[in-house]
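**Student:**
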Amino acid sequence: MPKTGELSSRERVRLALEHKETDRVPIAMVCSGINEPTRTQFDGYLKREHDTSLQAYLETILDISSVGPEYAGPRLPPGQDIWGVIRKPVSFGGGAYDWISHHPLADAGGTDDIGKYPFPTAEIFDYSVLPERIKVLQQDGERCLMISNANIFETSWYMRGLEQIFVDMITDPGLVHAIMRRVTDFYVEYFTRTLSSAKGMIDLAFTADDIGGQSGLLMSLDMWEQFIKPYHLEVNKVIHEYGARVIYHTDGAVMRAVPGLIDMGIDVLQALQFDATGMDPVELKANYGAQLCFEGGVSVQRTLPFGTTEEVRREVRRLISVLGKDGGYILGPSHVIQAGTPPENIFAMFETALRYYPFC
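Below is the structure:
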């Protein structure tokens, strides 16, 4: 058993992913972050109470760092991404979120229209910058590095519209496959070139597709098997060929989909929304802990925003005790930490994770 602080971030995460005990539970904020104004409030709290900044604090405690190539494509209009999807900020009082205001394939009438659309290619990124970016990240110690993001179904529905693509799955499945094919081809080439340029220094590749809501799956398992799983299998094969592991994000009540996700080739299930129906950490670990690792879990819906600091500490200790037994767990929030979350609760989450490790 290594003593606390003996391991580098990369060693700590690797041991956890190999289902081995570490010096402490790894900590990450994968597919997470801290929304304003909570981010500014937490930064002020850290400066006032602990004589450090948010950036310095997170750099010290987080075990997974993101890296990627440089965008080198054409200048994009404000709010538009490389797929032609346009978003605009919508205020909810305490902050804002991005709302899709334009789905570029909303009016596509068939596969011919999909073939005519100018999908992006992986050529729009400069991969030559990766070795230097990795060198900079590693200068203060060996970090676990992650690249992102392959959200195949989400990218497809961002372009087509969520309701419409669900209708298409019944009325025009060929159109859905045509979109998914083009999106997958992009991600296969993007990950191939990124991983090749990184020369073995990437540990994790982040992929995602939200397939669950608060009370159940967004589609039947049969539809998921037909329209989503095959494309992720292709991307996951590339990731594994380069020696990296797949960390896959989905929100919601997805317990019924976990066997299929394992078969799809994921290594780490991320987000762990235990406030959703049927999502139980004990059951998840007992049934799938030998085949999967887990990241996330600390509730951004309930405990972090509305609990006491002691309730936060209790939840963190429980998750580590259940999911961290025999390794296989990386602690983090279950999603983005929302406006209105007390800074003291965020600090309690991290500090408890740094100090509580009952497997010595």
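Per my numbering, the sequence shown starts with residue 996, numbered consecutively.
Backbone N, C-alpha and C fix where the C-beta goes; we use that ideal spot for every residue, glycine too.
Just so you know, these numbers come straight off a predicted model, no measurement behind them.
Taking just the CA atoms, how far does G1208 sit from A1348?
**Tutor:** Locating residue 1348 in the sequence shown gives position 353, counting from the first residue. Locating residue 1208 in the sequence shown gives position 213, counting from the first residue. Using only the alpha carbons, I get a separation of about 28 Å.
**Student:** Would you kindly report the start and end of the unbroken beta strand (DSSP E) that includes M1141?
**Tutor:** Your numbering for residue 1141 matches position 146 in the sequence shown. If you look at M1141, you'll find it in the beta strand (DSSP E) that goes C1139 to A1145.
**Student:** Any idea what DSSP makes of T1033, helix, strand or coil?
**Tutor:** Working through the sequence shown from its first residue, we reach residue 1033 at position 38. In the structure shown, T1033 sits in a helix (DSSP, three-state: H, G or I).
**Student:** With which residues is F1120 paired in a DSSP beta bridge?
**Tutor:** The residue you call residue 1120 lines up with position 125 of the sequence shown. Per DSSP, Y1066.
**Student:** Buried or exposed: which applies to E1127, given that a residue is buried once 16 or more other Cβ atoms fall within 10 Å of its Cβ?
**Tutor:** Along the sequence shown, read from residue 1 onward, the residue named residue 1127 stands at position 132. Exposed: under 16 other Cβ atoms inside 10 Å.
**Student:** What does the alpha-carbon distance come out to for the pair E1001 and K1130?
**Tutor:** The residue given as residue 1001 occupies position 6 in the sequence shown. The residue given as residue 1130 occupies position 135 in the sequence shown. Taking the straight line from one Cα to the other gives about 22 Å.
**Student:** For V1233, which residues from the same chain have a beta carbon less than 8 Å from its beta carbon, with the 5 sequence-adjacent residues on both sides left out?
**Tutor:** Start at 1 with the first residue of the sequence shown, and residue 1233 comes out as number 238. So the qualifying residues of the chain are V1183, F1186, T1187 and L1190.
**Student:** Do the CB positions of G1211 and A1266 come within less than 8 Å of each other?
**Tutor:** Walking along the sequence shown from the start, residue 1211 turns up at place 216. Walking along the sequence shown from the start, residue 1266 turns up at place 271. No, they are not a contact pair.
**Student:** Considering only the alpha carbon of each residue, which of I1197, A1281, A1271 and E1229 lies closest to G1238?
**Tutor:** By one-based count along the sequence shown, residue 1238 stands at place 243. Checking every option, the nearest Cα to that of G1238 belongs to I1197.
**Student:** Around the Cβ of G1088, are there at least 16 other Cβ atoms within 10 angstroms (buried) or fewer (exposed)?
**Tutor:** In the sequence shown, residue 1088 corresponds to position 93, counting from 1. Under this definition G1088 is an exposed residue.
**Student:** Leaving out the 5 sequence neighbours to the left and right, which residues in its chain are closer than 6 Å to S1294 when beta-carbon positions are compared?
**Tutor:** By one-based count along the sequence shown, residue 1294 stands at place 299. Excluding residues within five positions, the ones whose Cβ falls inside 6 Å are D1270 and S1329.
**Student:** Going by C-alpha to C-alpha distance, which of F1345, P1337 and P1353 sits closest to E1031?
**Tutor:** The count along the sequence shown starts at 1 and reaches residue 1031 at position 36. Checked all of F1345, P1337 and P1353; the closest Cα to E1031 is P1337.
**Student:** Give me the DSSP bridge partner(s) of F995.
**Tutor:** Outside the modelled stretch of the chain, which goes from 996 to 1355, sits residue 995, for which no answer is possible.
**Student:** Does the separation of the CB atoms of S1060 and L1140 fall below 8 Å?
**Tutor:** Here residue 1060 corresponds to residue number 65 of the sequence shown, with the count starting at 1. Here residue 1140 corresponds to residue number 145 of the sequence shown, with the count starting at 1. With contacts defined by Cβ atoms closer than 8 Å, S1060 and L1140 form a contacting pair.
**Student:** Going by alpha carbons, who is nearest to R1350 out of R1309, A1334 and S1086?
**Tutor:** As a working mapping, residue 1350 is identified with position 355 in the sequence shown. When each option's Cα is compared against that of R1350, the closest is R1309.
**Student:** Taking T1116 as the reference, which of D1167, W1078 and I1022 has the closest Cα?
**Tutor:** Taking the sequence shown and counting its residues from 1, the one referred to as residue 1116 is at position 121. Comparing alpha carbon positions, the residue from D1167, W1078 and I1022 closest to T1116 is W1078.
**Student:** For the candidate residues T1179, P1021 and G1195, whose alpha-carbon lies nearest to that of F1222?
**Tutor:** The residue labelled residue 1222 in the question sits at position 227 within the sequence shown. If we check each option's Cα against that of F1222, T1179 comes out closest.
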